[in-house]
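> Residue numbers (the numbering used here): 6 to 913.
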Amino acid sequence: MRPDRFDLPVRHVLPELFAALDERGVAVLAAPPGTGKTTLVPLALAGLAGTAGLTGLTGEPGPGRGRAGEPGRVIVAEPRRMAARAAARRMAWMLDSQVGAEVGFSVRGERRAGPGTVVEVVTTGVLLQRLQRDPELAGVGTVLLDECHERHLDADTALAFLLDVRATLRPDLRIVAASATADAGPWARLLGSGAPPYGRGPAGGDHASGGSPYGAGASGDAAPVVRASGEAHPVTPVWAPPSGPVTPPRGLRVDPAFLSHVAAVVRRALAEREGDVLCFLPGVGEIGRVAALLGGDTGGAEILQIHGQAPARVQDAVLSPGRGRRVVLATSVAESSLTVPGVRVVVDSGLAREPRTDHARGLGSLTTVRASRASAVQRAGRAGREAPGTVYRCWSQAEHDRLPEYARPEIALADLTGFALQAACWGDPEAAGLALLDPPPPAAMDAARRTLLALGALDASGGRVTGRGRLMAAAGVHPRLARALVDAGPGAAEVVALLSEPLPRDAGDDLVAIWRSVRRGGNGPGDGFPARWRGEAARLARAVPGEDAGRDGPSQGPAGRPGTRRPGDDGSRTGGAAGGRPGTGGLRSDDAVAGLTVALAYPERVARRRGGAYLMASGTAAEPSAGSRLGDAEWLAIAVADRPVGSAAARIRQAVVIDEETARLAAASLYDAAEEVAWRVPPGERRGDVSARRVERLGAVELSSVLLRDADVRPAVLAGLRAEGLSLLRWTSEAVALRERLAFCRRALGDPWPATDDDALVEAAERWLEPELSRARRRADLERLDVVAALHRLVPWHARLAEVAPERIEVPSGSRIRIDYSGDRPVLAAKLQELFGWDEAPRIAGVPLVVHLLSPAGRPAAVTADLSTFWREGYRAVRAELRGRYPRHPWPEDPLSAVATRRANPRR
Numbered sequence: 006m007r008p009d010r011f012d013l014p015v016r017h018v019l020p021e022l023f024a025a026l027d028e029r030g031v032a033v034l035a036a037p038p039g040t041g042k043t044t045l046v047p048l049a050l051a052g053l054a055g056t057a058g059l060t061g062l063t064g065e066p067g068p069g070r071g072r073a074g075e076p077g078r079v080i081v082a083e084p085r086r087m088a089a090r091a092a093a094r095r096m097a098w099m100l101d102s103q104v105g106a107e108v109g110f111s112v113r114g115e116r117r118a119g120p121g122t123v124v125e126v127v128t129t130g131v132l133l134q135r136l137q138r139d140p141e142l143a144g145v146g147t148v149l150l151d152e153c154h155e156r157h158l159d160a161d162t163a164l165a166f167l168l169d170v171r172a173t174l175r176p177d178l179r180i181v182a183a184s185a186t187a188d189a190g191p192w193a194r195l196l197g198s199g200a201p202p203y204g205r206g207p208a209g210g211d212h213a214s215g216g217s218p219y220g221a222g223a224s225g226d227a228a229p230v231v232r233a234s235g236e237a238h239p240v241t242p243v244w245a246p247p248s249g250p251v252t253p254p255r256g257l258r259v260d261p262a263f264l265s266h267v268a269a270v271v272r273r274a275l276a277e278r279e280g281d282v283l284c285f286l287p288g289v290g291e292i293g294r295v296a297a298l299l300g301g302d303t304g305g306a307e308i309l310q311i312h313g314q315a316p317a318r319v320q321d322a323v324l325s326p327g328r329g330r331r332v333v334l335a336t337s338v339a340e341s342s343l344t345v346p347g348v349r350v351v352v353d354s355g356l357a358r359e360p361r362t363d364h365a366r367g368l369g370s371l372t373t374v375r376a377s378r379a380s381a382v383q384r385a386g387r388a389g390r391e392a393p394g395t396v397y398r399c400w401s402q403a404e405h406d407r408l409p410e411y412a413r414p415e416i417a418l419a420d421l422t423g424f425a426l427q428a429a430c431w432g433d434p435e436a437a438g439l440a441l442l443d444p445p446p447p448a449a450m451d452a453a454r455r456t457l458l459a460l461g462a463l464d465a466s467g468g469r470v471t472g473r474g475r476l477m478a479a480a481g482v483h484p485r486l487a488r489a490l491v492d493a494g495p496g497a498a499e500v501v502a503l504l505s506e507p508l509p510r511d512a513g514d515d516l517v518a519i520w521r522s523v524r525r526g527g528n529g530p531g532d533g534f535p536a537r538w539r540g541e542a543a544r545l546a547r548a549v550p551g552e553d554a555g556r557d558g559p560s561q562g563p564a565g566r567p568g569t570r571r572p573g574d575d576g577s578r579t580g581g582a583a584g585g586r587p588g589t590g591g592l593r594s595d596d597a598v599a600g601l602t603v604a605l606a607y608p609e610r611v612a613r614r615r616g617g618a619y620l621m622a623s624g625t626a627a628e629p630s631a632g633s634r635l636g637d638a639e640w641l642a643i644a645v646a647d648r649p650v651g652s653a654a655a656r657i658r659q660a661v662v663i664d665e666e667t668a669r670l671a672a673a674s675l676y677d678a679a680e681e682v683a684w685r686v687p688p689g690e691r692r693g694d695v696s697a698r699r700v701e702r703l704g705a706v707e708l709s710s711v712l713l714r715d716a717d718v719r720p721a722v723l724a725g726l727r728a729e730g731l732s733l734l735r736w737t738s739e740a741v742a743l744r745e746r747l748a749f750c751r752r753a754l755g756d757p758w759p760a761t762d763d764d765a766l767v768e769a770a771e772r773w774l775e776p777e778l779s780r781a782r783r784r785a786d787l788e789r790l791d792v793v794a795a796l797h798r799l800v801p802w803h804a805r806l807a808e809v810a811p812e813r814i815e816v817p818s819g820s821r822i823r824i825d826y827s828g829d830r831p832v833l834a835a836k837l838q839e840l841f842g843w844d845e846a847p848r849i850a851g852v853p854l855v856v857h858l859l860s861p862a863g864r865p866a867a868v869t870a871d872l873s874t875f876w877r878e879g880y881r882a883v884r885a886e887l888r889g890r891y892p893r894h895p896w897p898e899d900p901l902s903a904v905a906t907r908r909a910n911p912r913r
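1) Throw me the rounded Cβ distance for the Pro484 and Gly423 pair, which I believe falls under 8 angstroms.
2) Whose CA, out of Thr162, Arg90, Asp595 and Asp694, lies closest to the CA of Asp321?
3) How long is the line joining the alpha carbons of Gly730 and Val868, rounded to whole angstroms?
4) Could you tell me how far apart the beta carbons of Ala622 and Thr667 are, in whole angstroms, since I believe they sit closer than 8 angstroms?
5) Tell me which residues share the same chain as Asp762 and place their Cβ nearer than 8 angstroms to its Cβ, disregarding the 5 neighbours each side in the sequence.
6) Quick check on Glu415: buried or exposed, where buried means 16 or more other Cβ atoms within 10 Å of its Cβ?
7) From the DSSP output, which residues share a beta bridge with Met621?
8) Between Val126 and Glu83, is the Cβ-Cβ spacing less than 8 angstroms?
9) Between the Cα of Asp433 and the Cα atoms of Thr162, Gly461 and Val809, which residue gives the shortest distance?
10) Under the three-state reduction of DSSP, which class applies to Ala118: helix, strand or coil?
11) What does a CB cutoff of less than 7 angstroms around Glu845 pick up in its chain, not counting 5 residues either side in sequence?
12) Is it buried or exposed for Asp596, if we count other Cβ within 10 angstroms and need 16 for buried?
13) Look up Trp640 in the DSSP assignment and give the residues it is bridged to.
14) Hey, which unbroken runs of the beta strand (DSSP E) at 3 residues or more fall wholly within the region 649-727?
15) What residues are listed by DSSP as bridge partners for His857?
16) In angstroms with no decimal places, state the Cα-to-Cα distance between Thr124 and Met96.
17) With DSSP run on the structure shown, which of helix, strand or coil describes Glu886?
18) Just to confirm, is the Cβ distance from Ser820 to Arg907 under 8 angstroms?
19) How would you write the range of the alpha helix (DSSP H) that Gly472 sits in, first residue to last?
20) Exposed or buried, Gln672, counting other C-beta atoms within 10 Å across all chains shown (16 or more means buried)?
21) Since Trp244 sits in a beta bridge, which residues does DSSP pair it with?
22) For Leu859, which residues from the same chain have a beta carbon less than 8 angstroms from its beta carbon, with the 5 sequence-adjacent residues on both sides left out?
23) Cα separation between Gly526 and Leu421?
24) Can you tell me the Cα-Cα spacing of Arg798 and Pro759, whole angstroms?
25) Go through its chain and collect everything with a Cβ distance to Ala660's Cβ below 7 angstroms, but skip five positions before and after it.
26) With DSSP collapsed to three states, give me the class of Gly531.
27) Pick from Pro254, Gly389, Trp773 and Arg614: whose alpha carbon is nearest that of Val240?
28) Who are the Cβ neighbours of Pro853 in its own chain at under 7 angstroms, not counting the five residues just before and after it?
29) Helix, strand or coil for Thr344, going by three-state DSSP, please let me know.
30) List the endpoints of the continuous beta strand (DSSP E) containing Pro360.
31) With three or more C-beta pairs closer than 8 angstroms as the rule, is the region 288-296 touching the region 259-269?
32) Determine the extent of the alpha helix (DSSP H) in which Glu291 is found, giving its start and end residues.
33) Since Ala306 and Arg273 are thought to touch, with beta carbons under 8 angstroms apart, how far apart are those beta carbons, to the nearest angstrom?
34) Pro14 to Arg232, Cα distance in whole Å?
35) Starting from Ala182 and walking both ways along the beta strand (DSSP E), at which residues does that stretch end?
36) Measure the beta-carbon distance from Ala193 to Val33 and round it to whole angstroms, keeping in mind my assumption that it falls under 8 angstroms.
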């Protein structure tokens with residue numbers, strides 16, 4: 006053991022950390038990346054650093070004591086598998102040992118630890134599984150949760166469980182929350198009180214005991230905060246925004262022009278500065294594109310790509326000093342989880358990926374967002390670990406000031422189905438008693454519980470976990486995939502393993518083709534994936550117990566299970582009946598196994614072709630990508646889909662062709678057969694009609710229908726009237742005029758005259774449209790209805806419409822002229838000569854007629870509501886204007902004494 010390997014900045018605060026743990030049992034360690042919080046602190050807690058000669062680390066065993074007074078093991082929880090492996094390798098190197106001896110690690114599907122292991126690095130997911138199996142964590146003295154500031158959902162959940170364990174079962178358990186940021190206050194308050202900071206009390210689940218479940222730190226005092234200052238060197242920022250306009254990120258798309266700019270900034274950094282360059286990009290796709298843009302134009306510098314799917318040899322190369330200059334293209338995994346040696350320059354794209362969940366449609370995806378200011382500080386700090394450095398930020402200082410201070414926690418953004426299942430298994434289905442920094446959003450929790458109920462993981466009465474749900478939780482994959490594994494059996498393990506990791510955007514949409522490629526060892530989602538996939542498939546195949554295990558939930562699996570094949574064996578067409586459809590027995594084809602597995606995992610994404618797209622059982626349309634390899638299949642089981650921003654339809658990423666039998670089998674809980682009598686508007690059309698059918702459906706997907714001949718369609722006809730309004734009826738000019746007369750009576754006289762606006766007529770349809778309404782069976786019957794006769798039924802029985810609001814009125818010339826009731830007041834439009842001798846127009850229902858006096862040609866000449874005044878004052882001007890234009894018509898000087906006429910004077 007070489008003491009110089011322990012010469013890390015965090016060593017100076019170890020005595021303070023030990024004292025805090027001895028006094029309170031909990032502490033927050035705030036230490037920047039590269040200070041040794043992930044490596045030296047666990048070794049010191051386990052008593053493995055004392056022999057290195059570091060002051061304050063020798064003597065009695067410190068906080069790492071177990072329940073029986075013997076030194077307990079130290080568990081270090083990391084949010085990523087890569088970080089867990091790297092931390093274990095680094096600690097073993099510090100001890101001149103091998104991984105699996107004093108220091109080991111456990112990640113999903115892989116464990117390297119032995120009887121002599123005293124420090125074990127695990128992922129937070131593995132820690133959650135252990136807590137569910139053994140809440141007391143027998144033999145464990147201290148748990149260090151690393152990178153708490155990243156706010157991963159599993160890490161937040163694990164800390165909540167640990168605080169519950171410490172409060173009820175293990176008051177001697179030591180907990181250290183390690184954060185790379187200075188904002189340690191919320192963590193200190195959470196660890197000090199052990200209670201939810203947002204005011205909800207404990208639920209009293211399976212791990213609760215009598216009295217206050219938060220005995221440790223119940224006073225509400227904050228836990229001690231131990232701060233370690235890294236020996237960081239100054240980092241000079243260089244603002245390098247694009248010179249031209251760049252389209253902001255949208256969904257997963259990043260403007261290629263911006264990626265070209267990032268590559269140009271990397272080349273600039275290589276030319277202007279010394280040392281290795283670490284470039285932060287949002288995802289694997291962007292890393293690949295920037296690597297291609299750089300090509301060989303790096304001055305001989307080696308290009309390395311580091312991300313969560315990178316193989317071990319690449320991780321080792323990145324985490325070891327290089328022989329020459331290097332350019333490391335990385336996702337946020339290198340932000341704080343990994344320390345890359347030799348870096349003097351950071352190029353920051355300023356972008357990150359966050360999860361988004363559409364709970365209404367059951368779709369989840371990643372989206373590209375601007376990184377927070379805290380993240381930018383973390384990334385920049387990587388350039389100053391070993392010497393003064395430089396950070397090139399691909400945005401302006403003004404934009405920097407507008408960035409959010411911190412990233413949003415995963416619990417506020419992600420699909421909470423897995424979290425809800427973990428909480429239910431813990432005995433707190435509502436998660437009300439968990440000590441979480443942020444409460445789970447109610448809508449997300451409701452959606453998660455509905456999903457778990459449909460999968461049979463929770464019972465419908467109290468929402469408690471079922472035996473089936475515990476079996477699903479133990480599988481270590483998303484509950485949906487676990488459901489497919491439990492119901493379809495070990496034969497589904499390969500497909501479940503394939504879906505348990507994100508597939509790249511360019512993987513194609515044919516999941517079976519991807520499966521076969523990976524099985525052959527071809528290009529999977531990232532180099533090294535095939536070996537990782539085989540190991541995970543083997544683990545999942547072993548995770549499925551006997552045929553009847555876990556079958557107590559309401560959602561039962563299929564009667565027949567896919568044929569079992571050892572993970573990795575090639576069987577693109579195994580035995581069985583032609584086509585290998587579910588229910589035929591025997592071994593099945595890849596297509597059948599994959600289709601059934603995906604349909605069981607995502608029954609609401611079983612989809613049937615509708616036009617040029619598909620309709621999923623959830624009711625959401627889904628569109629295949631251009632050049633899709635899925636052809637014109639009638640049915641699909643959609644494994645991966647997302648919804649582009651601003652689009653109503655989902656986009657199919659990966660799917661499997663299935664048949665109707667598989668769809669019915671997997672989505673049996675969504676099956677419904679019912680008589681449907683409704684007003685239906687066909688997709689893509691505006692006009693609806695009565696639909697009377699017996700329909701079979703899988704959710705929103707129609708399977709079959711049979712017409713109902715004698716159904717009562719009257720409610721559907723009424724629904725059509727309410728949906729489409731009175732335009733369903735044929736409104737002749739007579740019908741419109743009659744409606745206007747009735748409306749005038751309502752305005753002038755009020756009750757009992759009826760309202761005749763659209764809403765009122767629709768509401769009173771059963772009063773005035775019978776008996777024709779009851780005889781109507783389709784839209785055409787309504788269009789043939791006599792609206793004039795129907796409207797007459799609205800006239801009060803004791804009233805005479807012809808007297809109250811006559812249709813026509815006789816004028817002095819003897820003509821009977823129609824009255825226009827369309828305006829606020831009734832209007833009589835007549836030729837001026839026909840009104841001679843009429844000194845006052847009659848009133849209609851007490852309302853004076855408005856008279857439109859027309860010229861002999863029928864054009865407006867004057868408007869008046871007072872004929873007497875018009876004859877005295879207005880007539881002379883009209884006579885003077887029109888007399889010469891119409892000389893054959895009478896224009897007497899005294900119109901009141903003249904004889905009204907509708908004829909012209911005879912020709913002379």
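The beta-carbon is built from N, C-alpha and C at its ideal position, and this holds for glycine as well.
Taking the geometry as given:
1) On the sequence shown, residue 484 is found 479 positions in, with the first residue counted as 1. On the sequence shown, residue 423 is found 418 positions in, with the first residue counted as 1. Going by Cβ atoms, the distance from Pro484 to Gly423 rounds to 6 angstroms, so yes, they are a contact pair.
2) As a working note, residue 321 is residue 316 in the sequence shown. It is Arg90.
3) Mapped onto the sequence shown, residue 730 falls at position 725. Mapped onto the sequence shown, residue 868 falls at position 863. Here the alpha carbons of Val868 and Gly730 stand approximately 36 angstroms from one another.
4) The residue given as residue 622 occupies position 617 in the sequence shown. The residue given as residue 667 occupies position 662 in the sequence shown. Actually they do not touch by this definition, with Cβ atoms about 13 angstroms apart.
5) Indexing the sequence shown from 1 puts residue 762 at position 757. Counting only Cβ-Cβ distances below 8 angstroms, and skipping sequence neighbours, we find Ala748.
6) The sequence position of residue 415 within the sequence shown is 410, counting from 1. Classification of Glu415: buried, given that the 10 Å Cβ count is 16 or more.
7) Stepping through the sequence shown from its first residue, residue 621 is reached at position 616. Met621 is bridged by DSSP to Ala612.
8) Locating residue 126 in the sequence shown gives position 121, where the first residue counts as 1. Locating residue 83 in the sequence shown gives position 78, where the first residue counts as 1. With respect to the 8 angstroms criterion, Val126 and Glu83 are classified as neighbours on the basis of their beta carbons.
9) The count along the sequence shown starts at 1 and reaches residue 433 at position 428. Cα-wise, what sits closest to Asp433 is Thr162.
10) If you number the sequence shown from 1, residue 118 lands on position 113. Ala118: coil per DSSP, three-state reduction.
11) The residue labelled residue 845 in the question sits at position 840 within the sequence shown. So the list reads Leu872 and Ser873, once near-sequence residues are dropped.
12) The residue labelled residue 596 in the question sits at position 591 within the sequence shown. Here Asp596 is buried, its C-beta having at least 16 other C-beta atoms within 10 Å.
13) Here the question's residue 640 lines up with position 635 in the sequence shown. DSSP lists Arg613 and Ile663 as partners of Trp640.
14) 655-663, 676-685, 694-703 and 706-712, all fully within the region 649-727.
15) Start at 1 with the first residue of the sequence shown, and residue 857 comes out as number 852. Ala834 and Val868, per the DSSP bridge assignment.
16) Taking the first residue of the sequence shown as 1, we reach residue 124 at position 119. Taking the first residue of the sequence shown as 1, we reach residue 96 at position 91. Thr is not the amino acid found at residue 124; the sequence shown has Val there. Taking the CA atoms as reference points, Val124 sits about 9 angstroms from Met96.
17) The sequence position of residue 886 within the sequence shown is 881, counting from 1. The answer is helix: DSSP assigns Glu886 an H, G or I state.
18) To locate residue 820, count along the sequence shown from 1; it is residue 815. To locate residue 907, count along the sequence shown from 1; it is residue 902. In contact: Ser820 and Arg907 (Cβ atoms closer than 8 angstroms).
19) One-based indexing of the sequence shown puts residue 472 at position 467. Here the alpha helix (DSSP H) through Gly472 covers Gly472 to Ala479.
20) Locating residue 672 in the sequence shown gives position 667, counting from the first residue. Residue identity differs from the one stated: residue 672 is Ala in this sequence, not Gln. Taking every protein chain shown into account, the CB of Ala672 has 16 or more other CB atoms within 10 angstroms, so this residue is buried.
21) Numbered from its first residue, the sequence shown carries residue 244 at position 239. Answer is Arg398, bridged to Trp244.
22) The count along the sequence shown starts at 1 and reaches residue 859 at position 854. Correct list, in chain order: Ala834, Ala835, Lys836, Leu837, Pro865 and Ala866.
23) Here the question's residue 526 lines up with position 521 in the sequence shown. Here the question's residue 421 lines up with position 416 in the sequence shown. The C-alpha of Leu421 is placed about 33 angstroms away from the C-alpha of Gly526.
24) Your numbering for residue 798 matches position 793 in the sequence shown. Your numbering for residue 759 matches position 754 in the sequence shown. One C-alpha to the other measures close to 10 angstroms.
25) What you label residue 660 is simply residue 655 of the sequence shown in a count that begins at 1. Only Asp514, Leu516, Leu635, Leu641, Ala642, Ile643 and Ala644 meet the Cβ criterion.
26) The residue you call residue 531 lines up with position 526 of the sequence shown. Model confidence at Gly531 stands at a pLDDT of 48, short of 50, so the residue's coordinates are unreliable; what they give is reported in the following sentence. Gly531: coil per DSSP, three-state reduction.
27) On the sequence shown, residue 240 is found 235 positions in, with the first residue counted as 1. Checked all of Pro254, Gly389, Trp773 and Arg614; the closest Cα to Val240 is Gly389.
28) For the purposes of this step, residue 853 is taken as residue 848 along the sequence shown, with counting starting at 1. Counting only Cβ-Cβ distances below 7 angstroms, and skipping sequence neighbours, we find Ala846 and Ala870.
29) For the purposes of this step, residue 344 is identified with residue 339 of the sequence shown, where counting begins at 1. Collapsing the DSSP output to three states places Thr344 in coil.
30) In the sequence shown, counting from the first residue as 1, residue 360 sits at position 355. It spans Leu356 to Asp363 - the beta strand (DSSP E) in which Pro360 sits, taken as one unbroken run.
31) Because the criterion of three Cβ pairs below 8 angstroms is met, the region 259-269 and the region 288-296 touch.
32) Residue mapping note: residue 291 aligns to position 286 of the sequence shown, counting from 1. Val289 to Leu299 is the span of the alpha helix (DSSP H), which, as asked, contains Glu291.
33) Against the sequence shown, residue 306 aligns to sequence position 301. Against the sequence shown, residue 273 aligns to sequence position 268. Their Cβ separation, rounded to whole angstroms, is 13 angstroms, which puts Ala306 and Arg273 out of contact at 8 angstroms.
34) Counted from its first residue, the sequence shown places residue 14 at position 9. Counted from its first residue, the sequence shown places residue 232 at position 227. Each residue's alpha carbon lies about 11 angstroms from the other.
35) Residue 182 sits at position 177 when you count from the first residue of the sequence shown. Residues Arg179 to Ser184.
36) Counting from one through the sequence shown, the residue named residue 193 turns up at place 188. Counting from one through the sequence shown, the residue named residue 33 turns up at place 28. Indeed, because the Cβ distance is near 5 angstroms, the residues count as touching under 8 angstroms.
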